[in-house]
Amino acid sequence: MNALAATNRNFQLAARILGLDSKLHKSLLIPFREIKVECTVPRDDGSFVSYIGFRIQHDNARGPMKGGIRYHPEVDPDEVNALAQLMTWKTAVANLPYGGAKGGIGCNPRELTVSELERVTRVFTQKIHDLIGIHRDVPAPDMGTNSQTMAWILDEYSKFHGYSPAVVTGKPIELGGSLGREAATGLGVVFATEFLLDEYGMSIANMKFAIQGFGNVGSWAASFIHQKGGKVVAVSDITGAVKNPNGIDIPALLKHKEKAYSLKDFEGGDAMDLNDVLVHECDVLIPCALGGVLNKENAADVKAKFIIEAANHPTDPEADEILSRKGVIILPDIYANSGGVTVSYFEWVQNIQGFMWEEEKVNYELKRYMKRAFSDIKAMCHTHNCNLRMGAFALGVNKVARATVLRGWEA
Ligand SMILES: NC(=O)C1=CN([C@@H]2O[C@H](COP(=O)(O)OP(=O)(O)OC[C@H]3O[C@@H](n4cnc5c(N)ncnc54)[C@H](OP(=O)(O)O)[C@@H]3O)[C@@H](O)[C@H]2O)C=CC1
Ligand SMILES: O=C(O)CCC(=O)C(=O)O
1 MNALAATNRN FQLAARILGL DSKLHKSLLI PFREIKVECT VPRDDGSFVS
51 YIGFRIQHDN ARGPMKGGIR YHPEVDPDEV NALAQLMTWK TAVANLPYGG
101 AKGGIGCNPR ELTVSELERV TRVFTQKIHD LIGIHRDVPA PDMGTNSQTM
151 AWILDEYSKF HGYSPAVVTG KPIELGGSLG REAATGLGVV FATEFLLDEY
201 GMSIANMKFA IQGFGNVGSW AASFIHQKGG KVVAVSDITG AVKNPNGIDI
251 PALLKHKEKA YSLKDFEGGD AMDLNDVLVH ECDVLIPCAL GGVLNKENAA
301 DVKAKFIIEA ANHPTDPEAD EILSRKGVII LPDIYANSGG VTVSYFEWVQ
351 NIQGFMWEEE KVNYELKRYM KRAFSDIKAM CHTHNCNLRM GAFALGVNKV
401 ARATVLRGWE A
């Protein structure tokens, strides 16, 4: 099932649980605005390359729209649409005063030089600058983008609107980025994992983890799990995968990846097939890469008892059903990976206040926000007798529906 069909399906189930009015239901599914732009830039060798860039602004009933920008060859409008919708429910679950948006460019950042990436980013910003803004739509990093990408957007946007650090989050610290933002999604994933395991009288120490993806989210999640005594027994990136039943030395793996830009040839474990990480023997599986990786082809073979969705929509609805029949507990993306956007919110607040927080305060507040959202989801599960995904969707959709009605959507 494609990402948009899957996200719509989860929304529809939540709307049914909530008994949402059918007109409101329909209106919440339609994005506020869909932007599609052509970005042609010169390559370093003088030839030209063209890409399509998207920014889909899904909903702004609760505040400015918020969400990352992804650079990946598989970026397509349906997927960006699904990711934008997920941001709307995610910011509501986390109780942030934001709506949802997402952007993407269908390029392969691995095949572009730094100066080519800068040109693509600047052209994209030129084309969307009048539709984003501090109180309108605030981009952030996602797959294939990082703090440098945000610095280029900030600079290009500021040429049109004056110096505006709060127009993006996930920036370099030197340009008003927040301490703790780079690690925030991974740290939030680990807080969320602790809250869930605690419900079952378990903790991270000595449990076995398999992690797909070793970029921003996967590497920080692996580091915090390692620090807390968890055993990361399998890890993959796009170039390779490594396993070690006694637990991989994560600091050593980070050093290796920094030098080799790859997990391949790491000596602290055995190489394995990329996709086998998802069905590897472990207690907790954490997908931290692409969407739709758990599907009807592999769900029955998953060994984990818990899945923490650090990636956006890693589990398609068919896999969801197979996994719940097996009794696997899934912590859904719109809660599990909300640590990133939560610290993005803190960054935006700091920029607007012109005041920088200590990292301890950022992490303390992050934990507090994640704890509150977890309790709110559990309360929804209790009220509606549903699983964690439906509890989270019902929580998010209900808040957005309430805000929409209070603002007077019937014109
Ligand atoms: N960054 C953030 O703050 C947030 C991110 N997310 C979600 O988390 C996920 C990861 O994002 P992020 O860490 O930022 O992205 P990055 O680009 O930093 O990292 C992505 C990782 O996935 C790996 N990867 C890509 N394809 C595969 C594959 N087929 N098998 C195994 N690994 C693969 C990449 O490999 P390689 O290193 O070799 O390129 C890389 O390690 C995405 O779904 C994103 O939407 C959600 C909330 C916030
Ligand atoms: O930090 C942000 O604003 C958005 C992060 C994001 O894209 C996501 O949560 O999927």
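Numbered by the UniProt record's numbering, the letters in the sequence shown go through residues 1 to 411 in order. Just so you know, even glycine gets a beta-carbon here, dropped at the ideal spot from N, CA and C. All figures in this text were calculated on a predicted structure; none of them were measured in a lab.
- Counting along the chain, Pro317 sits inside the alpha helix (DSSP H) bounded by residues 317 to 325.
- Residue pairing for Gln57: DSSP places it in a beta bridge opposite Arg33, Ala101.
- With respect to Ala394, His384 sits close: the two C-beta atoms are nearer than 7 Å.
- Thr169 is not a Cβ neighbour of Thr149, given a cutoff of 7 Å.
- Annotation: Phe54 to Pro317 spans about 25 Å, alpha carbon to alpha carbon.
- Cys107 sits in coil when the DSSP states are folded into three classes, being neither helix nor strand.
- Distance check between Ile248 and each of Met207, Tyr261, Val217 places Met207 closest, using alpha-carbon atoms only.
- Per the DSSP secondary-structure output, Met272 pairs in a beta bridge with Ala241.
- According to the DSSP assignment, Ile329 belongs to the beta strand (DSSP E) that extends over 329 to 331.
- Of the residues Leu112, Ser158, Pro172, Ser115, the one whose Cα lies closest to the Cα of Pro141 is Pro172.
- In its chain, beyond the 5 residues on either side, Ala210, Gln212, Ala234, Ser236, Ala241 have a beta carbon closer than 6 Å to the beta carbon of Val277.
- In terms of Cα proximity to Lys303, the closest of Arg181, His313, Gln126, Glu281 is Glu281.
- Summarising the contact set, residues whose Cβ lies nearer than 5 Å to any heavy atom of ligand 2 are, in chain order, Lys66, Gly67, Gly68, Ala140, Asp142, Gly340, Val341, Ser344.
- Beta-bridge analysis with DSSP links Phe209 to Val232, Val284.
- Cβ-Cβ distances below 7 Å link Tyr51 to Cys39, Ile105, Gly106, Cys107, Val120 in the same chain, with the five nearest sequence neighbours on each side left out; the list follows chain order.
- When rounded, the separation of the alpha-carbon atoms in Asp376 and Ile322 is 26 Å.
- Nearest C-alpha to Gly63 among Glu309, Lys243, Thr91: Thr91.
- Taking the Cβ atoms as the reference, Lys367 lies roughly 35 Å from Phe124, outside the contact range of under 8 Å.
- The DSSP-derived three-state label of Leu294 is strand.
- In this structure, the alpha-carbon of Asn95 lies about 8 Å from that of Tyr369.
- For Lys361, the enclosing alpha helix (DSSP H) covers residues 359 to 384.
- Taking the CA atoms as reference points, Gly186 sits about 14 Å from Val232.
- The stretch 145 to 161 and the stretch 326 to 343 do not touch, with fewer than 3 CB-CB distances between them shorter than 8 Å.
- For Val293, the CB contacts under 7 Å within the same chain, skipping 5 residues up- and downstream, are Gln212, Leu278, Pro287, Pro314 in chain order.
- From the listed residues Asn60, Pro42, Phe11, Lys228, the smallest Cα separation to Val405 is found for Asn60.
- Taken atom to atom, the span from the alpha-carbon of Gly291 to that of Thr7 is near 11 Å.
- Between the alpha carbons of Leu131 and Arg407 lies a distance of about 22 Å.
- The alpha-carbon of Thr239 is positioned some 11 Å away from that of Met272.
- If you check the CB distance, Ile56 and Lys102 come in under 7 Å.
- In the DSSP assignment, Val120 falls within the unbroken alpha helix (DSSP H) covering 114 to 128.
- Uninterrupted alpha helix (DSSP H) stretches at least 4 residues long and entirely within the stretch 135 to 168 occur at 147 to 161, given in chain order.
- In the three-state scheme derived from DSSP, where H, G and I count as helix and E and B as strand, Phe266 is classed as coil.
- Using a cutoff of 6 Å, the CB of Ala311 counts as near ligand 1, since one of the ligand's heavy atoms is closer than that.
- By the neighbour-count criterion, in which a residue is buried when 16 or more other Cβ atoms sit within 10 angstroms of its Cβ, Gln350 is buried.
- Within its own chain, the residues whose Cβ lies closer than 7 Å to the Cβ of Ala183, once the five positions on either side in sequence are excluded, are Trp220, listed in chain order.
- Across the structure, Ala392 and Ala401 are spaced so that their CA atoms are roughly 14 Å apart.
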